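So the protein lines, in turn, are chains S and C. Start counting the first sequence at 1; every next residue gets the next number (the numbering used here). Start counting the second sequence at 1; every next residue gets the next number (the numbering used here). Just below is one structure, and these are the notes that go with it.
Number of protein chains: 2
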Amino acid sequence: MNNKKQPSLPRQSSFGWLIAVLGNDLATSLDSHLKGIGLSLNLWPTLFALWEEDGLTQSELTERCNTAHYTTTRLLDTLEKMALVERRPHPTSRRAHLVFLTEQGKALEQKATQLAKDCNAEFLSALPASEQDELNKLLLKVIAGRNSDLISK
Amino acid sequence: MNNKKQPSLPRQSSFGWLIAVLGNDLATSLDSHLKGIGLSLNLWPTLFALWEEDGLTQSELTERCNTAHYTTTRLLDTLEKMALVERRPHPTSRRAHLVFLTEQGKALEQKATQLAKDCNAEFLSALPASEQDELNKLLLKVIAGRNSDLISK
DNA sequence: TATTGTTATACTCTATAACTATA
DNA sequence: TATAGTTATAGAGTATAACAATA
Chain S
1 MNNKKQPSLP RQSSFGWLIA VLGNDLATSL DSHLKGIGLS LNLWPTLFAL WEEDGLTQSE
61 LTERCNTAHY TTTRLLDTLE KMALVERRPH PTSRRAHLVF LTEQGKALEQ KATQLAKDCN
121 AEFLSALPAS EQDELNKLLL KVIAGRNSDL ISK
Chain C
1 MNNKKQPSLP RQSSFGWLIA VLGNDLATSL DSHLKGIGLS LNLWPTLFAL WEEDGLTQSE
61 LTERCNTAHY TTTRLLDTLE KMALVERRPH PTSRRAHLVF LTEQGKALEQ KATQLAKDCN
121 AEFLSALPAS EQDELNKLLL KVIAGRNSDL ISK
């Protein structure tokens with residue numbers, strides 16, 4: 001009665017499908033790990049970017065996190081309430097702020113990134129070290145190629 | 001004034017970060033391609049599964065698509081309104097339905113999967129064919145390892 | 001007139017749980 | 001009592017656009 005056939009594009013051989021399944025699985029996993037230290041996945045990109053460099057304006061942060069400007073506003077409100085971040089006046093512009101991590105926000109980096117590393121390691125554990133490196137390298141190459149595409153347009 | 005430093009986990013070397021960036025980018029791209037044929041990304045997993053095999057119950061479909069049962073109900077309502085899918089009575093159970101593609105739904109497969117293939121190819125174009133294969137193989141291995149992890153727990 | 005950031009509002013998505021009808 | 005499926009409803013997340021302050 002039902003119709004099982006050779007599909008013209010099997011899901012398991014579709015790059016996009018594999019990335020989507022994996023991304024979803026990784027996000028769920030990291031989110032539940034982050035709950036353990038009072039964080040959640042939606043705060044993650046912002047914190048991650050600030051651990052790399054703080055003292056940014058909201059616009060710079062928005063760009064690095066690939067979020068919308070109004071999202072950044074609200075994420076920072078949340079992070080300020082949690083005392084992980086503070087907005088300080090911009091030295092030369094009175095309409096811009098600079099966003100800094102508080103001591104508490106800085107102190108969280110070790111614990112939080114360790115969670116992310118564990119999470120990554122867990123997912124990659126099916127691969128030997130050499131293949132893990134290879135996979136990261138290939139992914140970076142795809143992303144880099146994608147960005148240069150955008151520039152050339 | 002601002003603080004740029006060596007982070008304990010640079011984003012570009014984090015597997016999860018790479019997958020998330022790529023997944024987001026792929027999803028946006030495929031979604032905009034799908035709009036061109038009247039579809040959208042949220043309908044995609046269901047259709048994709050049905051092109052592989054139709055005549056499934058909603059429960060089976062829910063499982064294969066990794067969605068919630070109430071989501072499946074509404075997606076199928078939408079797909080029925082679009083005349084791509086139909087619910088037929090189950091031969092032995094009066095509470096279950098079997099979900100079938102209509103002729104129109106079947107006819108869409110070629111065009112739709114071609115879009116997905118193009119989209120995948122565009123993203124993978126930075127890699128030579130041998131590396132594309134390698135990448136798919138590694139991703140499959142990670143996903144397979146992940147699933148066997150779940151089983152062993 | 002453009003930019004930085006905030007807010008109001010509407011819309012979509014998702015989650016919880018109650019419900020019907022079966023089995 | 002459990003299962004298949006639907007629906008109501010609440011909450012979160014996202015998008016549009018209007019707004020104030022500043023450049």
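Backbone N, C-alpha and C define an ideal beta-carbon position, used for all residues, glycine too. Since this is a predicted model, take the numbers as computed values, not measurements.
Only buried fits glutamine 132(C), as 16 or more other CB atoms lie within 10 angstroms of its CB. Going by C-alpha positions, alanine 83(S) is about 12 Å away from leucine 47(S). In the pairwise beta carbon analysis, the region 140-148 of chain C is classified as touching the region 114-130 of chain S: at least three pairs are separated by under 8 Å. The region 38-103 of chain C is shown to contain whole alpha helix (DSSP H) runs of 4 or more residues at 44-52, 58-65 and 69-81, in chain order. Under the DSSP definition of a beta bridge, lysine 4(C) partners with Glu53(S). Setting aside the 5 residues that flank it on each side, histidine 90(C) is surrounded in the same chain by Thr57, Ala96, His97 and Leu98, each with a C-beta closer than 8 Å to its C-beta; the list follows chain order. Per DSSP, the continuous alpha helix (DSSP H) segment holding glycine 16(C) begins and ends at 15-35. Beyond the five residues adjoining it in sequence on each side, serine 40(C) comes within less than 7 Å, by CB distance, of Asp31 and Leu34 in the same chain, given in chain order. Distance check between glycine 16(C) and each of Gln114(S), Lys81(S) and Leu76(S) places Gln114(S) closest, using alpha-carbon atoms only. Using a Cβ-Cβ cut-off of 8 Å, glutamate 134(C) is close to Glu134 and Leu138 of chain S, given in chain order. Against chain C, the CB of proline 89(S) has no partner CB under 8 Å away; the residue lies outside that interface. Taking the C-beta atoms as reference points, glycine 38(S) is found no nearer than 8 Å to asparagine 3(C). Interface annotation, arginine 95(S): not in contact with chain C, CB-CB separation never under 8 Å. The Cβ-Cβ distance between valine 85(S) and leucine 50(S) falls below 8 Å. From the listed residues Asn42(S), Ser13(S), Glu103(S) and Glu109(S), the smallest Cα separation to threonine 67(S) is found for Asn42(S).
No Cβ-Cβ contact shorter than 8 Å links glutamate 52(S) with proline 128(C). For asparagine 120(S), the residues of chain C that pass the 8 Å Cβ criterion are Ser14, Phe15 and Gly16, in the order they occur in the chain. In this structure, isoleucine 19(C) and leucine 22(S) form a Cβ contact; the two beta carbons are roughly 6 Å apart against a cut-off of 8 Å. With respect to serine 14(S), glutamine 110(C) sits apart: the two C-beta atoms are not nearer than 8 Å.
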